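Written out below as structure tokens is the structure these notes cover.
There are 6 protein chains.
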Amino acid sequence: MKRGLYIGRFQPFHKGHLYSLRWCSDKVDELIVAVGSSDKSFEFRNPFTAGERIEIIRENITTEIKEKRDKIILIPVPDVGVHLLWTYNMDLLVPRYNTVFTNDLFTSMLYKERGIEIIHPDLISREFLSATEVRHRIVSDKNWEELIPTSTTKLINEIDGVDRVKNLYNLTKSHATTEYHH
Amino acid sequence: MKRGLYIGRFQPFHKGHLYSLRWCSDKVDELIVAVGSSDKSFEFRNPFTAGERIEIIRENITTEIKEKRDKIILIPVPDVGVHLLWTYNMDLLVPRYNTVFTNDLFTSMLYKERGIEIIHPDLISREFLSATEVRHRIVSDKNWEELIPTSTTKLINEIDGVDRVKNLYNLTKSHATTEYHH
Amino acid sequence: MKRGLYIGRFQPFHKGHLYSLRWCSDKVDELIVAVGSSDKSFEFRNPFTAGERIEIIRENITTEIKEKRDKIILIPVPDVGVHLLWTYNMDLLVPRYNTVFTNDLFTSMLYKERGIEIIHPDLISREFLSATEVRHRIVSDKNWEELIPTSTTKLINEIDGVDRVKNLYNLTKSHATTEYHH
Amino acid sequence: MKRGLYIGRFQPFHKGHLYSLRWCSDKVDELIVAVGSSDKSFEFRNPFTAGERIEIIRENITTEIKEKRDKIILIPVPDVGVHLLWTYNMDLLVPRYNTVFTNDLFTSMLYKERGIEIIHPDLISREFLSATEVRHRIVSDKNWEELIPTSTTKLINEIDGVDRVKNLYNLTKSHATTEYHH
Amino acid sequence: MKRGLYIGRFQPFHKGHLYSLRWCSDKVDELIVAVGSSDKSFEFRNPFTAGERIEIIRENITTEIKEKRDKIILIPVPDVGVHLLWTYNMDLLVPRYNTVFTNDLFTSMLYKERGIEIIHPDLISREFLSATEVRHRIVSDKNWEELIPTSTTKLINEIDGVDRVKNLYNLTKSHATTEYHH
Amino acid sequence: MKRGLYIGRFQPFHKGHLYSLRWCSDKVDELIVAVGSSDKSFEFRNPFTAGERIEIIRENITTEIKEKRDKIILIPVPDVGVHLLWTYNMDLLVPRYNTVFTNDLFTSMLYKERGIEIIHPDLISREFLSATEVRHRIVSDKNWEELIPTSTTKLINEIDGVDRVKNLYNLTKSHATTEYHH
Numbered sequence: 081m082k083r084g085l086y087i088g089r090f091q092p093f094h095k096g097h098l099y100s101l102r103w104c105s106d107k108v109d110e111l112i113v114a115v116g117s118s119d120k121s122f123e124f125r126n127p128f129t130a131g132e133r134i135e136i137i138r139e140n141i142t143t144e145i146k147e148k149r150d151k152i153i154l155i156p157v158p159d160v161g162v163h164l165l166w167t168y169n170m171d172l173l174v175p176r177y178n179t180v181f182t183n184d185l186f187t188s189m190l191y192k193e194r195g196i197e198i199i200h201p202d203l204i205s206r207e208f209l210s211a212t213e214v215r216h217r218i219v220s221d222k223n224w225e226e227l228i229p230t231s232t233t234k235l236i237n238e239i240d241g242v243d244r245v246k247n248l249y250n251l252t253k254s255h256a257t258t259e260y261h262h
Numbered sequence: 081m082k083r084g085l086y087i088g089r090f091q092p093f094h095k096g097h098l099y100s101l102r103w104c105s106d107k108v109d110e111l112i113v114a115v116g117s118s119d120k121s122f123e124f125r126n127p128f129t130a131g132e133r134i135e136i137i138r139e140n141i142t143t144e145i146k147e148k149r150d151k152i153i154l155i156p157v158p159d160v161g162v163h164l165l166w167t168y169n170m171d172l173l174v175p176r177y178n179t180v181f182t183n184d185l186f187t188s189m190l191y192k193e194r195g196i197e198i199i200h201p202d203l204i205s206r207e208f209l210s211a212t213e214v215r216h217r218i219v220s221d222k223n224w225e226e227l228i229p230t231s232t233t234k235l236i237n238e239i240d241g242v243d244r245v246k247n248l249y250n251l252t253k254s255h256a257t258t259e260y261h262h
Numbered sequence: 081m082k083r084g085l086y087i088g089r090f091q092p093f094h095k096g097h098l099y100s101l102r103w104c105s106d107k108v109d110e111l112i113v114a115v116g117s118s119d120k121s122f123e124f125r126n127p128f129t130a131g132e133r134i135e136i137i138r139e140n141i142t143t144e145i146k147e148k149r150d151k152i153i154l155i156p157v158p159d160v161g162v163h164l165l166w167t168y169n170m171d172l173l174v175p176r177y178n179t180v181f182t183n184d185l186f187t188s189m190l191y192k193e194r195g196i197e198i199i200h201p202d203l204i205s206r207e208f209l210s211a212t213e214v215r216h217r218i219v220s221d222k223n224w225e226e227l228i229p230t231s232t233t234k235l236i237n238e239i240d241g242v243d244r245v246k247n248l249y250n251l252t253k254s255h256a257t258t259e260y261h262h
Numbered sequence: 081m082k083r084g085l086y087i088g089r090f091q092p093f094h095k096g097h098l099y100s101l102r103w104c105s106d107k108v109d110e111l112i113v114a115v116g117s118s119d120k121s122f123e124f125r126n127p128f129t130a131g132e133r134i135e136i137i138r139e140n141i142t143t144e145i146k147e148k149r150d151k152i153i154l155i156p157v158p159d160v161g162v163h164l165l166w167t168y169n170m171d172l173l174v175p176r177y178n179t180v181f182t183n184d185l186f187t188s189m190l191y192k193e194r195g196i197e198i199i200h201p202d203l204i205s206r207e208f209l210s211a212t213e214v215r216h217r218i219v220s221d222k223n224w225e226e227l228i229p230t231s232t233t234k235l236i237n238e239i240d241g242v243d244r245v246k247n248l249y250n251l252t253k254s255h256a257t258t259e260y261h262h
Numbered sequence: 081m082k083r084g085l086y087i088g089r090f091q092p093f094h095k096g097h098l099y100s101l102r103w104c105s106d107k108v109d110e111l112i113v114a115v116g117s118s119d120k121s122f123e124f125r126n127p128f129t130a131g132e133r134i135e136i137i138r139e140n141i142t143t144e145i146k147e148k149r150d151k152i153i154l155i156p157v158p159d160v161g162v163h164l165l166w167t168y169n170m171d172l173l174v175p176r177y178n179t180v181f182t183n184d185l186f187t188s189m190l191y192k193e194r195g196i197e198i199i200h201p202d203l204i205s206r207e208f209l210s211a212t213e214v215r216h217r218i219v220s221d222k223n224w225e226e227l228i229p230t231s232t233t234k235l236i237n238e239i240d241g242v243d244r245v246k247n248l249y250n251l252t253k254s255h256a257t258t259e260y261h262h
Numbered sequence: 081m082k083r084g085l086y087i088g089r090f091q092p093f094h095k096g097h098l099y100s101l102r103w104c105s106d107k108v109d110e111l112i113v114a115v116g117s118s119d120k121s122f123e124f125r126n127p128f129t130a131g132e133r134i135e136i137i138r139e140n141i142t143t144e145i146k147e148k149r150d151k152i153i154l155i156p157v158p159d160v161g162v163h164l165l166w167t168y169n170m171d172l173l174v175p176r177y178n179t180v181f182t183n184d185l186f187t188s189m190l191y192k193e194r195g196i197e198i199i200h201p202d203l204i205s206r207e208f209l210s211a212t213e214v215r216h217r218i219v220s221d222k223n224w225e226e227l228i229p230t231s232t233t234k235l236i237n238e239i240d241g242v243d244r245v246k247n248l249y250n251l252t253k254s255h256a257t258t259e260y261h262h
């Protein structure tokens, strides 16, 4: 059996992610989707909790690619202090896999050191289809909804996500930011 | 929608767990199965990694309760240094839930402090159907296979689990145990 | 100015502690009371949170030794992974001090290595006046109230402390104890 | 009884803090003053240890608002890796409280999620009365003493605080900054 | 070039260790000696700091096997929370190696999983030549000096090691043990 | 006996380091070389693991200053979360020392607080002989080899160090950098 590993932060899950999920899951029998930086949330780069992101991705799978539902395995994976231990810690948290799908330079670097097969998934509209773009559009009241599937919009609204992203952005600009919390 | 949370360590997943999964998933629309102590493995009380346990549980669901597959959400959840923060950390890692299924005293205690509904799932043959019993039967070459579903046996054999459990047990008895590792 | 450091866990604060506080604060201009293991709670040896313990001690000071109120400084101090760094971490969290009051062997050992003056406070009825004894009397429904000042009893009752201690004790006896929390 | 929680880093304690302490303690029976980022010191944004800050604040209370001394509870509170767990960890370290006094956006955000009452304390001369301003004036040999109460000045001088702040500032500008320490 | 890895805690370094060092260094061009549990000290099982143990081992090498001095590399290696990451963390801290010398079951288990060559070094007088035996003889005033080389004795005396070991042993027997430090 | 402590990160070891090692080891009987930030690697400021750096430094010592080999002690030392505990943690990992060699402001500051003798080692060509300069020359294909001894070049090539440094530099410029790893 061929099992692939696809890694992302999904802050938030957008149309590019959906496209990649479809693309990757076509290449394997089962696809592990690692929800990275699962220990991060409530900061501008990582506004949503791992639980919220998993809820959003599940909703998207059910609505958009239901036929692939049974082959996709969602797993939250935390960051690790020592970079080089990150892929080994990954191995402890997810089912065994033969292939890594990633376009991230650092992930590629770490897996290449270990001699594991890396596939660069096809991307669509990379120039504007990114989570960073979505967050910045939210902040500046531009059309962010067009970049993400309806299921993501629905859940973001349910949890007051727009307000949260805007508040977190404002914090990055103030001096007092998260002074005594993190 | 009613979403329940069922917590276990599944070291390993046995017939009692399977029974509970069936029982609990009948009570809710979706059931989150938290694979606890996900940061532990290769010790006698926790021989299997979170990834291995998830693989085993998935296989069991597919084989034994396929019809409930789409309503079950498997999530690894690590231990937390400060007891009282454990349920709050749980909330960050899993989708929102309304009910907790548990027979564990401490889990009940922590959730009761927060005023969240707790349901004690029905148990079968509790007197001998426990993961502890399974591990001890493995060590003493007694009939452990009768306590666990076929899918668990199959995967334990695939990863040389019997040898691992025996080795880890021997370590608990030697002076030199895990002296300079943990 | 002479400032002393008195260290304890106060699980819970009993008549011996009260006696020592009075005794030690007579020897110095100001007395820092370090509430140790401030990161521990909800375990049988450490049932109460640092916040609860501080509330209890404050209440005792106000009721019993009000005249010493202004010279006592309560500070929660967490455990530290590396033993030898514990006293140095202490120094970062509390005001400067010249003297350490302790009857604990290990604390004495660590401070002696640093050449800091140690005073062994006078003890009363050490044979039965200990927090361990209080907790065990609570568990076995013996007269625990006679060992502690009224203010402690009042606050323990307010937070359902008796039930908590009993539950935590039961957990130490069951196999399933705190399996996937700590 | 009404108990409030006032949170700050006090790097260092200035006239605005003193004003707020007076203002907040008038609104409640007891005021917990959480000394945040208690695990930080010897960096430009956090030059003073928690112990030093507590010493300074105590001195200020005694000198300036002695009448409120008995209702103020000083507690050092460390940062926490996971933002959302910070307020829950706070609850473990301090006595129970009903109200939070804060003008910090992030603190407000976190407590609002939990539905706890937030009061924005009155501020005086916010435009120049900030700890950041004090530190920058120290660095550039401008009149920093006018921004802080006499007790703060006295203690900063006692611990060679001016030199420390200047040294830490120089480090932020050099490449070699704190390379192998933190 | 053949480089071997020899792992021990050396609490303290005894004649068996010396024998093994000689034996192992004969088999390779360079021998890394990993001083395990380097983050532990001042507890009965780990009385000496990594620095002290390195000082002791260096002294032994100089005195007893000077001719092997240049091929031996001493490196302190801390414990790691997650067992399975321990060998990978080892790889980050020491020069590259081809062979592992160990008689420890758990180390063997972890390296076998990775397919790395393991050699079980020859042992002498295993029945009484162990660090545990040395510590217990120290505690009970039996002849511990005969188990360790002169250099170890000399340095243990220099740092008052006998007193330390006895004190730490007494702590393991008292209730109050290291309550609020670790 | 006079034992000195020389601290560096050696990312990578260059001609200035070699000069300092020679200079410092002339002043003492033994010289501890602490390889700082030993827990860091695979980031642009810290491309090499502690193990790789130790291998490189050993090779340099053997080739360039063989006569000093026996008096030099190489020890990896990790960063510590709380700045002020860093020097105390150092003391646990290395043999006892009387003198600290450093030109680093922060190290000087921390040791001065403890009243330990600090010597500022002689520097050569500080204006361009720095590890930062070496890394930037590698990135821009300028002559970096002239800044480092032959042994360093040899080992960097052996482990594909040039590619690694370039990749890590590219990551610092991309948005996606090490998003879900650290």
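Sequence lines, in order, name chains A, B, C, D, E and F.
Every number in the numbering used here is 80 more than the matching position in the first sequence, counting from 1.
Every number in the numbering used here is 80 more than the matching position in the second sequence, counting from 1.
Every number in the numbering used here is 80 more than the matching position in the third sequence, counting from 1.
Every number in the numbering used here is 80 more than the matching position in the fourth sequence, counting from 1.
Every number in the numbering used here is 80 more than the matching position in the fifth sequence, counting from 1.
Every number in the numbering used here is 80 more than the matching position in the sixth sequence, counting from 1.
Note that CB positions come from ideal geometry on N, CA and C, so glycine has one too.
The model shown is predicted, which means the values in this text are computed figures rather than measured ones.
- Interface criterion met: the Cβ of Ile155(C) is under 8 Å from a Cβ in chain D.
- At least 8 Å separates the beta-carbon of Arg215(B) from that of Val242(B).
- By the criterion of at least three beta-carbon pairs nearer than 8 Å, the segment 116-131 of chain E is not in contact with the segment 97-104 of chain F.
- In terms of Cα proximity to Thr230(B), the closest of Asp119(B), Gly161(B), Ile196(B), Lys95(B) is Lys95(B).
- Phe186(E) belongs to the set of residues whose beta carbon lies under 8 Å from a beta carbon in chain B.
- Secondary structure of Val245(E) (DSSP, three-state): helix.
- In this structure, the straight-line span from the alpha carbon of Glu135(B) to that of Pro175(A) is close to 5 Å.
- Contact between Ile137(D) and Leu164(D) does not hold, since their C-beta atoms are separated by about 28 Å, which reaches or exceeds 8 Å.
- Out of Ile152(A), Phe122(A), Glu197(A), the CA that lies nearest to the CA of Pro92(A) is found in Phe122(A).
- Setting aside the 5 residues that flank it on each side, Leu209(B) is surrounded in the same chain by His94, Lys95, Gly96, Leu227, each with a C-beta closer than 7 Å to its C-beta; the list follows chain order.
- Identification of chain B residues near Leu164(E) by a Cβ-Cβ cut-off of 8 Å yields Ser121, Phe122, Thr129, ordered along the chain.
- Proximity of Ser117(E) to chain C, defined by a Cβ-Cβ separation below 8 Å, is not satisfied.
- At a beta-carbon threshold of 7 Å, the residues of chain E lying near Met189(C) are Asn247, ordered along the chain.
- The beta carbon of Asn250(F) falls within 8 Å of a beta carbon belonging to chain A, placing the residue at that interface.
- When beta bridges are read from the DSSP output, Val113(B) appears opposite Tyr86(B), Leu154(B).
- Given a length threshold of 4 residues, each whole run of the alpha helix (DSSP H) inside the segment 205-249 of chain C is given here in chain order: 211-219, 230-238.
- At a cut-off of 8 Å between beta-carbon atoms, Ser210(A) makes no contact with chain D.
- Between Tyr191(F) and Val180(F), the CB-CB gap stays under 8 Å.
- For the pair Lys82(D) and Asn178(D), the CB atoms are nearer than the 8 Å cut-off.
- Restricted to the segment 146-194 of chain E, the alpha helix (DSSP H) segments that are unbroken, complete and at least 4 residues in length are 166-173, 185-193, listed in chain order.
- In the displayed model, Ile199(D) falls within a strand according to three-state DSSP.
- The shortest CA-to-CA distance from Ile204(A) to any of Pro127(A), Asn250(A), Leu98(A), Asn223(A) is the one to Leu98(A).
- Within the segment 194-228 of chain D, no residue places its CB atom closer than 8 Å to a CB of chain F.
- Contact between Pro127(D) and Leu248(D) is confirmed by a C-beta separation of about 6 Å, below the 8 Å threshold.
- Not one beta carbon of chain D lies nearer than 8 Å to the beta carbon of Asp159(C).
- In this structure, Glu225(B) and Thr233(B) form a Cβ contact; the two beta carbons are roughly 5 Å apart against a cut-off of 8 Å.
- Between Leu111(F) and Ile152(F) the beta-carbon gap is near 5 Å, inside 8 Å, which marks them as a contact.
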